[in-house]
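What follows is a single structure, written as structure tokens, with notes after it.
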Amino acid sequence: MKKIIIALTMILCFAGINNMQAQNYKSAVGAKLGWGLIGSYKTFLSESNAIEVFAGFRWSGLGAGAFYQIHKDINEVDNLQWFIGGGASVTTWSYGLTGLGSYAEVGLHFDIGLEYTFTDIPLNVSLDYAPGFVVFDTYDYTGTLGRLRLGYGSLTARYILKR
Numbered sequence: 254m255k256k257i258i259i260a261l262t263m264i265l266c267f268a269g270i271n272n273m274q275a276q277n278y279k280s281a282v283g284a285k286l287g288w289g290l291i292g293s294y295k296t297f298l299s300e301s302n303a304i305e306v307f308a309g310f311r312w313s314g315l316g317a318g319a320f321y322q323i324h325k326d327i328n329e330v331d332n333l334q335w336f337i338g339g340g341a342s343v344t345t346w347s348y349g350l351t352g353l354g355s356y357a358e359v360g361l362h363f364d365i366g367l368e369y370t371f372t373d374i375p376l377n378v379s380l381d382y383a384p385g386f387v388v389f390d391t392y393d394y395t396g397t398l399g400r401l402r403l404g405y406g407s408l409t410a411r412y413i414l415k416r
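FYI, the numbering for the sequence shown is 254 to 416, going by our numbering.
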């Protein structure tokens, strides 16, 4: 599985990355569903490069992180792009009703997805998948270094602040 993810990443990174086109908006804010109750803010740094920052409540704890993403148009469908990128996150939560068993995790993530921007209304939606690598966690109360995580999928809807 690890080799497949790495191979797919390499192919997508090098396939037409120099043929990027303009984004459909400058910045947007909304909700990221799939990670918990998470807010998302995305802004483009250039025509094809964006940063998404997210934070909120997750599994009776907090989650926060950021992704750097490279976008490419899918020419067959207007306003549809695919993106690839990576980033990091920090997550905390507690198990049980008593709040005992607190847990924290720091991870690095690969991010791949599709994004559609509506032309008639200020709305952007994306669907992504973010497998990762746990750099550090406190689940076993001793800390764990280096563990693959299959990742999380999420559906994000954002209100476009600036086109």
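Backbone N, C-alpha and C define an ideal beta-carbon position, used for all residues, glycine too.
Inter-residue Cα distance where the pair is residue i and residue j
i    : j    : result
T370 : T296 : 14 Å
F389 : N277 : 37 Å
R411 : P384 : 22 Å
I304 : V387 : 21 Å
For residue i, the three-state DSSP class (helix, strand or coil)
i    : result
F310 : strand
G399 : coil
W288 : coil
Y321 : strand
S299 : coil
Q274 : Low confidence applies here, because Q274 scores a pLDDT of 48, under 50, leaving its location unreliable and the question unanswered by this model.
Neighbour flag for residue i against chain B, beta carbons, 8 Å
i    : result
H324 : Judged by its chain identifiers, the structure shown contains no chain B, having just a single protein chain.
Residue j beta carbon less than 8 Å from that of residue i
i    : j    : result
F320 : G289 : no
V282 : L414 : yes
G314 : W346 : yes
Which listed residue (the options) has its alpha carbon closest to that of residue i
i    : options                   : result
V306 : V343, L403, K415 and E300 : V343
R400 : H362, L408 and D373       : H362
L286 : D381, V359, I413 and K415 : D381
S299 : G404, S355, R402 and K279 : K279
Sheet register partners of residue i (DSSP bridge)
i    : result
R411 : G283 and N377
N332 : N332 pairs with nothing; no bridge assigned.
G316 : G309 and T344
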